[in-house]
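Read in order, the letters of the sequence shown correspond to residues 1 to 228 in UniProt numbering.
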Amino acid sequence: MARVQQAARQGEPRDAGADHHYPHYRPRSMRPSVSDTWSITMSARGRKPDPTVGERIRQAAATLVLTHGLDFTMDDVATAAGVGRASVFRRYGSKRDMILEAIAGFMDAHVAVPDTGSLAGDLHAVVTDTLALWRLPGIARLAKQVYGEAGRDPAVAEILRTGMRTRMERSWVVYERAIERGELSPDADLWLLTDMFTGFVAYRGLLDLPLPEPEDVVRALLHGFTPA
């Protein structure tokens, strides 16, 4: 009290509600209300993240890849998804990442790993799905652009190889079951067996040649071209 009186005598300004022992103290009447504090906090933090943003961006990217091939921009994706450009870059580090994810998504969505109980049945399912994928509008054009880019950019080629290798090895469960059933030799070259089909389909698709019927492909894979 003596200190306050001394300050008053020396002409120091003093707030009516201040306590000089606690310089940051403010009376209850001068504090912001709970609602004010909540509003300030929410304003500083921004709006809650929209949980649909990621899926909208993914779908927009997949659609643009299918309809435009490589001829689109990240801004196009943002516009199609109805989000800001920054949101797109938070999900994808580059346009290349976006395209390769879209390709992997197409394969996962359209080419399942079957379990029909026989190697012939499984191969028929895989071949049928793969040929149907290549017949989708835009897929052949996209494949031409991506393979062309892989020929120019070693980084794209490596990412493409890695993605294809992962996908192919995941599908090898079909061959592993066939080996367990005695339908396939244990020392079968699974890469060669896979390439005999995928390489030939890619060759036909890239050159716009007619795609074969699934039955003909399966028969050639299992029995070759020698008489039965």
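All residues carry an ideal CB built from backbone N, CA and C; glycine is no exception. This structure is a prediction, so every number in the text was calculated from the model and none was measured.
Rounded distance between the beta-carbons of residue j and residue i, thought under 8 Å
i	j	result
T67	G138	6 Å
P114	V126	6 Å
A80	T63	7 Å
M107	R167	6 Å
L160	V174	That belief does not hold up - the Cβ atoms of L160 and V174 are roughly 22 Å apart, past 8 Å.
residue 232	E183	Since the displayed the chain opens at 1 and closes at 228, residue 232 lies outside it and no answer follows.
A102	A61	6 Å
W172	L192	The pair is not a contact, with the Cβ atoms about 12 Å apart (cut-off 8 Å).
G54	R91	6 Å
Exposed unless 16 or more other CB atoms sit within 10 angstroms - verdict on residue i
i	result
F72	buried
G84	exposed
H223	exposed
A86	exposed
T130	buried
L100	buried
L142	buried
A178	buried
Reduced DSSP category for residue i - H, G, I as helix; E, B as strand; rest coil
i	result
E180	helix
Y175	helix
V113	coil
L222	helix
T130	helix
P214	helix
S94	coil
D208	coil
R135	coil
D153	coil
Y22	Low confidence applies here, because Y22 scores a pLDDT of 46, under 50, leaving its location unreliable; read the following figure in that light. Residue state, collapsed to three classes: strand.
Are the region 145-161 and the region 207-214 in contact at 8 Å, needing three or more beta carbon pairs? Judged by Cβ distances under 8 Å, the region 145-161 makes no contact with the region 207-214, as fewer than three pairs qualify.
Enumerate, from N- to C-terminal direction, the unbroken alpha helix (DSSP H) stretches of 4 or more residues contained entirely within the region 182-206. Here the runs fully enclosed are 190-206.
Contact between the region 212-223 and the region 191-203 is defined here as three or more beta-carbon pairs at a separation below 8 Å; is this criterion met? Three or more beta-carbon pairs separated by less than 8 Å link the region 212-223 to the region 191-203, which places the two stretches in contact.
In chain order, which alpha helix (DSSP H) runs of at least 4 residues are fully inside the UniProt domain "HTH tetR-type" (51-110)? Runs of the alpha helix (DSSP H) inside the UniProt domain "HTH tetR-type" (51-110): 53-68, 74-81, 85-91 and 95-110.
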